[in-house]
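Engineer:
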Ligand SMILES: Cc1ncc(COP(=O)(O)O)c(C=O)c1O
């Protein structure tokens, strides 16, 4: 029998994420899919990749979905397919995962960082517009934590300044903006299926979606070392320098089992977020935005507090999984020092980096677990209110 390391009367622990639960529930289907792959002997560019691409294109409401090796590659292939390279500038939020900016750098282009909008986490379109120069060729709105970037101002700015819009949907698979699926609004949408994402592979995987036939052809070509045979040309003839960024059959078979569950899983994430909201409203901790018609799919549930580090410790001490995404904005990272930004250049993002804290969210979380996290946070808030009152009277 499984032995718990917890004493029986210890309060329950709540993990930040539990990757086993989803796979236990789908085990029979996953194993069946994997057996078929092994029996077929086709591990690269086989029937599962083609079928997943068709199923994903239908789900996301786009003409083309192209499986690639990771979310980072999805960004690199998209930007390359759009003609971005050396000498070009690309607008990127400074408050995102490094992959967004790294993809730009690897192509020889330059990320131009943009601050977050006051009171939110996503890119501030007004700040983005101020940074446009004749060298600016593209903008990457990142739907951070699963929250949709309001796309109208981004698309309007892009039209006015002739910019390509590459959506980074790594953290927001299945999210919507109005009637549109996130990723289907810009020139391309770039997904990561890293195991912690809303739609997750069992390893690395990614995808580019687009409605543009020419861009789709270029991504298809680039994905396989730009071998002309991909588009009906001669094998081992290479019109350009490509990448090796194929999605493999094992990951595609897994993603095909999971895709039909994505909406249900996102609804469960939204339900947990609403429960957190009812438990934590008005307690002095800033909560993420609500989900309007799927505009937030809570890949992460990120709260804000000026006492973040104390709250972080309190949650950890009480067995609650927590993480900080991200403690250092990109413009202050060693990796991007060559761009010449200084502390103070992006005040909203710098404050976010000091205040954000992500607490447990995943579809299989129980109401009891959400309640436990809520009560540990409320305990912290009351204890700190007592301390502050004492400090004031002292
Ligand atoms: C916002 C964002 N963009 C891009 C990526 C890169 O995806 P991958 O890890 O699949 O390369 C990630 C991954 O965490 C991400 O969170």
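Residue numbers (this note's numbering): 402 to 795.
No residue lacks a Cβ here, since even glycine has one placed at the ideal position from N, Cα and C.
Between the region 594-610 and the region 640-660, do three or more beta carbon pairs fall short of 8 Å?
Structural biologist: yes
Engineer: Any chance the CB of residue 576 is under 7 Å from a heavy atom of ligand 1?
Structural biologist: no
Engineer: By how many angstroms is the C-alpha of residue 584 removed from the C-alpha of residue 556?
Structural biologist: 13 Å
Engineer: How long is the line joining the alpha carbons of residue 493 and residue 412, rounded to whole angstroms?
Structural biologist: 42 Å
Engineer: Using C-beta distances below 8 Å, list every residue in its chain close to residue 517, excluding the 5 sequence neighbours before and after it, in chain order.
Structural biologist: 494, 495, 496, 523, 524, 525, 747, 749, 750 and 753
Engineer: Quick one: complete beta strand (DSSP E) runs, 3+ long, within the region 648-695?
Structural biologist: none
Engineer: Measuring alpha carbon to alpha carbon, tell me which residue in 615, 780 and 424 is nearest residue 465.
Structural biologist: Its Cα nearest to that of residue 465, the residue 615 stands out among 615, 780 and 424.
Engineer: Applying the 10 Å Cβ sphere with the 16-neighbour rule, what's the burial state of residue 641?
Structural biologist: exposed
Engineer: Looking at the unbroken beta strand (DSSP E) that takes in residue 514, where does it start and where does it end?
Structural biologist: 511-515
Engineer: Provide the residue span of the beta strand (DSSP E) that contains residue 475, from first to last.
Structural biologist: Where residue 475 is concerned, there is no enclosing beta strand (DSSP E), although the alpha helix (DSSP H) it sits in stretches over 472-482.
Engineer: Specify, as a first and last residue, the run of the beta strand (DSSP E) that residue 524 falls within.
Structural biologist: That residue, residue 524, is in no beta strand (DSSP E); it is neither H nor E in DSSP.
Engineer: Any heavy atom of ligand 2 inside 7 Å of the beta-carbon of residue 454?
Structural biologist: Ligand 2 is absent from the structure shown, which contains only ligand 1.
Engineer: Quick check on residue 696: buried or exposed, where buried means 16 or more other Cβ atoms within 10 Å of its Cβ?
Structural biologist: Buried, because 16 or more other Cβ atoms sit within 10 Å of the Cβ of residue 696.
Engineer: Is the Cβ-Cβ distance between residue 617 and residue 467 less than 8 Å?
Structural biologist: yes
Engineer: So, does the region 591-602 touch the region 617-630, judging by three or more C-beta pairs under 8 Å?
Structural biologist: no
Engineer: Please confirm whether any heavy atom of ligand 1 lies closer than 7 Å to the CB of residue 473.
Structural biologist: yes
Engineer: Comparing C-alpha positions only, which one of 629, 644 and 646 sits nearest to residue 638?
Structural biologist: Distance check between residue 638 and each of 629, 644 and 646 places 629 closest, using alpha-carbon atoms only.
Engineer: When DSSP labels each residue in this structure, what does residue 705 get in the three-state scheme?
Structural biologist: Assignment of residue 705 by DSSP, reduced to helix, strand and coil, places it in the strand class.
Engineer: I'd like to confirm something about residue 495: is its beta-carbon nearer than 7 Å to some heavy atom of ligand 1, or not?
Structural biologist: no
Engineer: Work out the CA separation of residue 419 and residue 582 for me, nearest whole Å.
Structural biologist: Rounded to whole angstroms, residue 582 to residue 419 spans 26 Å at the Cα level.
Engineer: Just grab the DSSP bridge partners of residue 468 for me.
Structural biologist: 608
Engineer: When you compare only the Cα positions, how much space is there between residue 438 and residue 448?
Structural biologist: 9 Å
Engineer: Ignore the nearest five residues each way along the sequence and tell me which others in residue 620's own chain have a CB closer than 6 Å to its CB.
Structural biologist: 467, 478, 482 and 609
Engineer: Measuring alpha carbon to alpha carbon, tell me which residue in 737, 741, 708 and 767 is nearest residue 784.
Structural biologist: 708
Engineer: Between the Cα of residue 671 and the Cα atoms of 685, 660, 693 and 487, which residue gives the shortest distance?
Structural biologist: Checking every option, the nearest Cα to that of residue 671 belongs to 693.
Engineer: With a Cβ-Cβ cutoff of 8 Å, do residue 757 and residue 703 count as a contact?
Structural biologist: yes
Engineer: Residue 539 lies in the beta strand (DSSP E); which residues open and close that run?
Structural biologist: 537-540
Engineer: Give the single residue among 761, 470 and 741 whose Cα lies nearest to the Cα of residue 725.
Structural biologist: Measuring C-alpha to C-alpha distances from residue 725 to each of 761, 470 and 741 identifies 761 as the nearest.
Engineer: Would you say the beta carbon of residue 520 comes nearer than 7 Å to a heavy atom of ligand 1?
Structural biologist: no
Engineer: Whole angstroms is fine: what's the gap from residue 560's alpha carbon to residue 415's?
Structural biologist: Straight across, the Cα-Cα distance linking residue 560 with residue 415 is about 46 Å.
Engineer: Would you identify the three-state DSSP class for residue 446, choosing helix, strand or coil?
Structural biologist: Coil.
Engineer: Locate the alpha helix (DSSP H) running through residue 748, then write down its first and last residues.
Structural biologist: 748-756
Engineer: Can the beta-carbon of residue 491 be found closer than 8 Å to that of residue 469?
Structural biologist: no
Engineer: Kindly indicate which residue of 590, 446 and 423 has the alpha-carbon position closest to the one of residue 645.
Structural biologist: 446
Engineer: Do the CB positions of residue 510 and residue 484 come within less than 8 Å of each other?
Structural biologist: no
Engineer: Mapping DSSP to helix, strand and coil, what is residue 420?
Structural biologist: The three-state reading of DSSP puts residue 420 in helix, counting H, G and I together.
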